[in-house]
Structure formats: C-alpha cells, structure tokens
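Trainee: Handing you a structure now.
Number of protein chains: 2
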Amino acid sequence: MEKISCPGFQAAGVEANIKKQGIRDLGLIFSERPAKVGGVFTRNLVQAAPVVLDRELIQSGQARAIVVNSGNANCCTGVQGMEDAKTMGQSVANDLGISSDQVLVASTGVIGAPMPMDKVTDAIPELVKSLSPNGFSDLALAMMTTDTVPKLVSKQGKINSNKFTVTAVAKGAGMIHPDMATMLCFVCTDIDADPDYLSYALYMACERSFNRITVDGDTSTNDTALILANGFSGVSIENSIHKASFQGVLDDVLLYLARLMVKDGEGATKLVEINVSGALSDGDAHAVAGTIGNSNLVKTALFGGDANWGRILAAAGRSGVYLEPDRINISFNDVLMYHNGMGCGPEAEKIATIVMKKPEYAIHVDLQIGNGKATMYTCDFSYDYVKINADYRS
Amino acid sequence: MEKISCPGFQAAGVEANIKKQGIRDLGLIFSERPAKVGGVFTRNLVQAAPVVLDRELIQSGQARAIVVNSGNANCCTGVQGMEDAKTMGQSVANDLGISSDQVLVASTGVIGAPMPMDKVTDAIPELVKSLSPNGFSDLALAMMTTDTVPKLVSKQGKINSNKFTVTAVAKGAGMIHPDMATMLCFVCTDIDADPDYLSYALYMACERSFNRITVDGDTSTNDTALILANGFSGVSIENSIHKASFQGVLDDVLLYLARLMVKDGEGATKLVEINVSGALSDGDAHAVAGTIGNSNLVKTALFGGDANWGRILAAAGRSGVYLEPDRINISFNDVLMYHNGMGCGPEAEKIATIVMKKPEYAIHVDLQIGNGKATMYTCDFSYDYVKINADYRS
C-alpha cells in the first residue's frame, strides 16, 4: 500500500487485545501543532459515551489528538462508560504532554459491554510511541470491525497555487444508512480555517457522500466524523473561492471512502449506483433512490443477479412521493428495462443479466415528471450479511 | 385439516398451470346470493391491474364472486393487463351466469410478466365446476406463492343469540410491511351490513392485524383485502353493540391470519412480539415497535439467538420519537436485559438466550415516559430469506 500521510500529522495503530490477539484495535491521530476542529455526529438518540464527550470537547474549537478503539462501542455503559471515555483521553493526554480537553475519543464495536480499560491504558504508552507520519494505514487497520479492507485516502488541492492536503481514514461496513455520518471518519488537513466553517464543510461533504450510501438501513449509536485542520500548509480558507476549492477536495475524499464502505458492505458482492431523475424535486428523487437502495427485495434480487425491475418499481411506488408509474423509465446501465408502463421483454432482461454480473453498475430510474435528481449507492444483500450479523458477538 | 366453510358461500382452487404442473394456482369464491362488499387496497402508487379494477367494481357495494390466481401479479402489464383482468372476471361471470361487474379479480406473483390468459380461461370451466362449500382449503392452496402453509380460519360469534360466521383465506409470506393490507385476504361472512360499514370494519381489523406485522419492510403492488357479506345468517349489523360484536370476531380472524403470515415469513424460524409501552403516545410506541421489528440488525440477531439488546436500543433511538435512553427497560419475555442505562450482565444474557430458543417469544421495551403502547409482530431474518428472494423468479 502506498504511504498515506498529511503534513504536520502523525498516526498510529497498535494491538491492545480488546479484540483477538494479533489484531490492531487501538489507534491515534496527533497534530504536531494545535489544530482547529469540526465534527458531525449521529442523530440517533441513543449515543455512546465518546459521542457525548466529543460533542462537548469540540465546543472549544481546538483539538490535538483523536484516540479510537475498535471491539467495544462504549455505548449503554452508564456512568462508568463516560468515566472510561474520559480516562482514555486523559491517558493519551498524559503521554503526549497535552491537556486532556485536546483529546477526542471514539469507540466502535459491540454495544453494552464494559470497556476493558486495563487493556486500553496498558497499550497507550506503546500507542503514543508508535506515532509516525506514515502511521495512517495502521490507524485504519485499528478502526476495523466487520470491515474487510482498511479505508484511507489522501488527496491534494491548490488555493492560489499553494498546495494543501486532505487525508482521511474511516471504518464502516454495516449499520450504514443515510442519516448523518454513519460510521467513524477522521479527516486531517493542513489548511487553516475557522471551526464553525470546518463543521459546516464536513457536514456538506457528509451529505454528498456518507448520506448517499446504504448497507442495511440501520444507524449507529457511535457515528462520528471529525476534522482537524492544523494550518501546516500556510493555506487559509478566507473567501468563497477558497471554500469551493477546499470543499471539492473534501467531497472527493469522503465520497471515495463512502463508495469503499458500500463495496465493503457486510456480505456485499456488488456496488450499485441508483440514479433517480425527473422527480418533482431533488428531495423527492432522494426519497425514491433511498427507498430503492434500501429495499431488501431489491437488494436480494441484486445478489441473485435477477433483473427484477418490478421490485424497483414497487419500491419507488411506496416511497411516499408523487410519481406516475406509466411514465417511468428504468434502465440497468444503458439497457432499457421498463418503459410506457410495461417491461421491455425477455431480450432486454437477458442483456441486463449480463450487466448485473459486473462488480459495479448503475440503475437509472427516470420519473419524467420534473427536474429533481439524486444518486444513492447501495450493495447487494447476501447470505453473508445474515451470517455476519447473526454471529457478530459470538 | 378440519373443513372450513361459511354458510351460503362456495369456494374452489384448481391447477391452471400458471405455475408448475401439479400445483393449484387459480381460485374462486362464490356467494350463493348477492352479497355486500367492502375492500381495503395497497397504498403503493404502483398498482396492479386487478387492484385498479376492484377499486372501481366495489363502488357498487355488491359482488358475488372473487377470482384469484397466483404465479403472476398482472402488474406493470399496461393496457393488456387491464384487458386480461377484465377477461378473467368476464369468463368467470359467463360460467356462473352472473354479470361481470359482480366478479372481483385478484392476482399475486411475479410483477411485469404478461398473464398466460389461455391457461387461465381454459381452466375456468373446471374451476366453476369445482365450487363447493368445503372448497376454502383448495382456494387457500391456490393463492400461495412463497407461502409454505395455506392460511385460512373460521370463527363464529353471536348477536342477540343468533350465530354468525366469519371465514377468511389469506396469502402472504414476504413483502409484508405495516402499510394497509399487505397481502391478499378474502373474508366471507353471513351477516348483513351496509357496504361502507364493511369497508370501515375491514380497515379497522387490518389496522389491528396486518398493519402490525413486518417481514421485510416492502409493500406490494397487489395488496388487497376484500369482504363479502351475504346475510345468510339473518344477522344484521344495525347498532354499535352489533358492530362491536362483529368487529371482535373479524379482528380475531385477521389477527390469526396475520400472525400466521409472520410465522410463515420468508425464511422465518421465530415469531417475535415487540411490545412497546411507556411512550408519549400510541403513535410514538407504534413507531418504536415498527423500527425495532423492521431492523435487519435486530432480525439477524433474532436468527442468531443473540440477546443483543444493544441493537434493539439503537433501533429505538433512530425511530424519530422522543425517548430517554437511561429510563428504558428492555426484557426478553420476563428476563430484564437493560435497565438504568446499562445491560443487566452476562447472567441475564444467558437466560435470555434460552428464551430465544423458543419458537415464539416477546420483547418488551418500556420507555417509562408516558402511557402510549403498541404491539408489532416480526420474524427473524435468515439465510433462507436471502435464498428465497435471490432466486424468486428463477
């Protein structure tokens, strides 16, 4: 794997034995200088202790580090859970020689089990010692739960011919549903910007990426996206042209990770883009795309390679938005399947079945009653999704 | 199987070879005298031709017969589909010697394939000849698609010491979601009542039965519930006491069939009752119960026998209603699993795991902030659900 880094940042991932032996499960990001911070959090009313803590901490607008563990979500763990989250932050702060209110905390894994704090605190000295500019891939490994591949990416942009970098790591394979940040994602950048703007830019990028993907329609109690900006590049976001340049790169980074999450969706074998156009509004198009992308019947048909446009149409019909069934066109890539209120026949289905053998393809649904459009990324629904989730804690 | 009938009604189910040879796939109900009719239909905007036709026909308030086929939904079949639905009704009317506007039509099966009308019309003479007071079990067989058991029941009630009967057949195992009648269900009764009341009583009974069950969150394009009342018993529904007596029996009949559908849910191995209490309103409780009952993560945990109350809590948290996570109690039958913001420990989980081995059990979620309550019936989510739906058309 190519080395991924971000100027002025270090990262690490070590084995704390929270999960099985020989697997990284504790990670750290550290900014060499004070950084501005922004965040986007789950909208679920049940929230893990670290989410509650981070919401509070980012109010200051500044942070230096993020410590993260996998294997335990530290959620529904009562007063002790909040103590444990604070202890994690405090231990890292001590070893880094910074204030504990500069350390954000994130956890992912099983809900409701107490945090194995001895293991966590024992591993923190080694974690801090392992920090390195090239440590992002170890960090990405340490964040994985049911993920089968680590998820990280780095992209560069230019403002006034000055280069800046956006590097991000994420984890997410299940409990993926378009409702705010639906996983863990940490973004490091060497620009300088004000914290309110950072949260806004991150929110917008989430809307265009993580809020466009669905794996199983469930949302998590731990979903957190954080951005740290340390100003290392000397590039400062000061006007709307700068904002557009930065947003473009940030959107690209998050969309890359979002697509990676769907491809790595629990048990997924296909990445399918659902494009809805011709709706009365973008909101309507989003509702139709979401209902299709989230339908178990559509997703099992995608797994079976069955060009069952009837299920797509039925899902559109129950999405709650106005549509006229007889005007809708449905295509698999460029193969028209449904037109003028009827299927396009067995020949079209035969060609569509070939399309459906590809690892990635698009389903186009044109409602032909307006200009609203939206795209959603989904995956198929396989035996392995059931296996992974029936056995998750065992 | 015990013989199920309803005074003044005859039924039949025959093999028309719409599906495979040797399987009944064409059914008929006939009322020996003119009957009043009521109906409840899918809210999906994509509606099969028979649904459109029946909506129109029941405006007259009268009907004598219902013809139904499985194996083909006659949906998204354009102008020809409506012609075919009318032809089905006309052929039955001819053989029965009644007017075609007295024959309702229903279809269930694959969407988007043209109706094999030759097979249907060829089989209608035999279908009509097979009519018999004891034909309801053949009819129930002829309505099955992915159902593994025929679904029918008959119950009796009394009004002013006069006996009346409510007999119903249904089909449904997938595409089951609480949004209006989510399957086919035909009710025969020997009371007399006015058609508007019949539709209302049927609607209320659907609310209390079919709208409380979920298998996969999808709703169908063909969902139809019909009720025929032929007055054979001499019992007439004239006041609110009569209505309460009749509604009680009708509710029982539909709830029995609804529970049967969940038990027979595609791939289901468990029937689980989700009881939510202590919500701010019944509507809130319904939303929480529905979100839990419909969560893929909860349903795969039910399949795995994993007492994962964290997923139940997480589903409640995203249901969109107000709740206070620390006040919630979660029990499996009478085993308290989550209390005071924390899990009740490994001992409780061990006992709950025994509960989860039962074929039927209840999950109680008490929000403790109000008096709203609701019950939803769901099933687990197994490999076989994926198998059945990935292969459905092949």
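Line order of the protein sequences matches chains V and Y. Here numbering that gives the first Met the number 0 is used: the first residue of the first sequence is 0, the next is one more, and so on. Here numbering that gives the first Met the number 0 is used: the first residue of the second sequence is 0, the next is one more, and so on. Backbone N, C-alpha and C fix where the C-beta goes; we use that ideal spot for every residue, glycine too.
Taking only three categories from DSSP, how would you classify V416(Y)?
Mentor: Nothing in the structure corresponds to residue 416(Y), since chain Y is present only between 0 and 393.
Trainee: Could you please give the first and the last residue of the uninterrupted alpha helix (DSSP H) stretch that includes G88(Y)?
Mentor: Start and end: G77 to L95.
Trainee: Determine the direct distance from the alpha carbon of Y202(V) to that of P177(Y), and round the result to whole angstroms.
Mentor: Interpretation of P177(Y) is limited by its pLDDT of 41, a score under 50 that renders its predicted location unreliable; the figure taken from the coordinates is listed afterwards. Roughly 33 Å separates the two Cα atoms.
Trainee: Measure from the alpha carbon of N161(Y) to the alpha carbon of each residue in A172(Y), F245(Y) and A169(Y), then state which is nearest.
Mentor: For N161(Y), the nearest C-alpha among the options comes from F245(Y).
Trainee: Which residues in the same chain as I327(Y) place their Cβ atom closer than 6 Å to its Cβ, once the five residues preceding and following it in sequence are excluded?
Mentor: Correct list, in chain order: L366.
Trainee: Around the Cβ of Q155(Y), are there at least 16 other Cβ atoms within 10 angstroms (buried) or fewer (exposed)?
Mentor: Per the 10 Å Cβ criterion, exposed.
Trainee: Would a check of beta-carbon distances place A212(Y) closer than 8 Å to chain V?
Mentor: Looking at the sequence shown, residue 212(Y) is not Ala but Ile. Answer no: the Cβ-Cβ gap between I212(Y) and chain V never drops below 8 Å.
Trainee: Given a cut-off of 8 Å on the beta-carbon distance, is the pair A389(V) and F302(Y) in contact?
Mentor: The answer is yes: Cβ separation under 8 Å.
Trainee: Using CA coordinates, which residue listed in E265(Y), M116(Y), Q89(Y) and S198(Y) is at the minimum distance from G171(Y)?
Mentor: Nearest option by C-alpha distance: E265(Y).
Trainee: Give a yes or no on whether the minimum CB-CB distance between L312(V) and chain Y is below 8 Å.
Mentor: Closer than 8 Å: yes.
Trainee: Just checking, does the region 302 to 322 of chain Y make contact with the region 13 to 29 of chain Y on the three C-beta pairs under 8 Å criterion?
Mentor: With a cut-off of 8 Å, the region 13 to 29 of chain Y and the region 302 to 322 of chain Y do not count as touching, because too few Cβ pairs lie within range.
Trainee: Which same chain residues end up closer than 6 Å to N307(Y) when comparing Cβ atoms and leaving out the 5 residues on each side of it in sequence?
Mentor: A300, listed in sequence order.
Trainee: Anything in chain Y within Cβ reach of Y337(V), meaning under 9 Å, just list it in chain order.
Mentor: Neighbours of Y337(V) on chain Y, chain order: C75 and G111.
Trainee: May I have a chain-ordered list of the alpha helix (DSSP H) segments no shorter than 4 residues that lie completely inside the region 236 to 294 of chain Y?
Mentor: With a minimum length of 4 residues, the continuous alpha helix (DSSP H) runs that stay inside the region 236 to 294 of chain Y are 239 to 262 and 281 to 293.
Trainee: For N229(V) versus R23(V), is the C-beta spacing smaller than 8 Å?
Mentor: For N229(V) and R23(V), no; Cβs fall outside 8 Å.
Trainee: Do D137(Y) and L103(Y) have their beta-carbon atoms positioned less than 8 Å apart in this structure?
Mentor: For L103(Y) and D137(Y), no; Cβs fall outside 8 Å.
Trainee: What's the gap between the Cα of V109(Y) and the Cα of K356(V)?
Mentor: For V109(Y) and K356(V), the distance between alpha carbons rounds to 22 Å.
Trainee: What are the residues in the region 34 to 54 of chain Y lying within 7 Å of chain V by C-beta distance?
Mentor: Answer in chain order: N43, L44 and V45.
Trainee: State buried or exposed for K19(V), treating a residue as buried only when at least 16 other CB atoms are found within 10 Å of its CB.
Mentor: Flag for K19(V) reads exposed.
Trainee: Which residue comes first and which comes last in the beta strand (DSSP E) that contains E323(V)?
Mentor: Note, E323(V): premise wrong, no beta strand (DSSP E); not H, not E.
Trainee: Is there a Cβ of chain Y sitting closer than 8 Å to that of R63(V), yes or no?
Mentor: No - not a single Cβ of chain Y is within 8 Å of the one on R63(V).
Trainee: In or out: V148(V) buried (at least 16 other Cβ within 10 Å) or exposed?
Mentor: Classification of V148(V): exposed, given that the 10 Å Cβ count is below 16.
Trainee: Alpha carbon to alpha carbon, how far is G340(V) from K269(V)? Give it in angstroms, no decimals.
Mentor: Each residue's Cα considered, the two are about 28 Å apart.
Trainee: V165(V) lies in the beta strand (DSSP E); which residues open and close that run?
Mentor: N161 to K170 is the span of the beta strand (DSSP E), which, as asked, contains V165(V).
Trainee: Looking only at DSSP bridge pairs, what is Y376(Y) linked to?
Mentor: I212(Y) and E272(Y).
Trainee: For a contact defined as C-beta to C-beta under 7 Å, what are the partners of G282(V) on chain Y?
Mentor: None at all; the shortest Cβ gap to chain Y is about 17 Å.
Trainee: Using a Cβ-Cβ distance cut-off of 8 Å, determine whether T377(Y) contacts chain V.
Mentor: By this cut-off, T377(Y) is not an interface position.
Trainee: Our contact map puts P6(V) next to S232(V) with C-beta atoms below 8 Å; I'd like the distance itself, whole angstroms only.
Mentor: Sure, about 6 Å apart at Cβ, within 8 Å.
Trainee: Is I28(V) near F209(V), with beta carbons less than 8 Å apart?
Mentor: Their beta carbons are not under 8 Å apart, which means I28(V) does not touch F209(V) by this criterion.
Trainee: For the 8 Å Cβ check, are there 3 or more pairs between the region 56 to 74 of chain Y and the region 221 to 228 of chain Y?
Mentor: With a cut-off of 8 Å, the region 221 to 228 of chain Y and the region 56 to 74 of chain Y count as touching, because enough Cβ pairs lie within range.
Trainee: Any idea if P358(V) is buried or exposed, counting beta-carbon neighbours within 10 angstroms, 16 or more meaning buried?
Mentor: Answer is exposed; the Cβ neighbour count stays below 16.
Trainee: Could you work out which residue in L151(V), N93(V), V36(V) and T145(V) is closest to L126(V) when comparing CA atoms only?
Mentor: If we check each option's Cα against that of L126(V), N93(V) comes out closest.
Trainee: Can you look up F231(Y) in the DSSP assignment and give me helix, strand or coil?
Mentor: In the structure shown, F231(Y) sits in coil (DSSP, three-state: anything other than H, G, I, E or B).
Trainee: Would the beta-carbon of I311(Y) fall within 8 Å of that of I387(Y)?
Mentor: No, Cβ-Cβ distance for I311(Y) and I387(Y) is not below 8 Å.
Trainee: Could you confirm whether any beta carbon from chain Y is found closer than 8 Å to the beta carbon of M341(V)?
Mentor: So, interface residue.
Trainee: How about A200(V) and L249(V): do their beta carbons lie closer than 8 Å?
Mentor: Yes; because the gap between Cβ atoms is below 8 Å, this pair is in contact.
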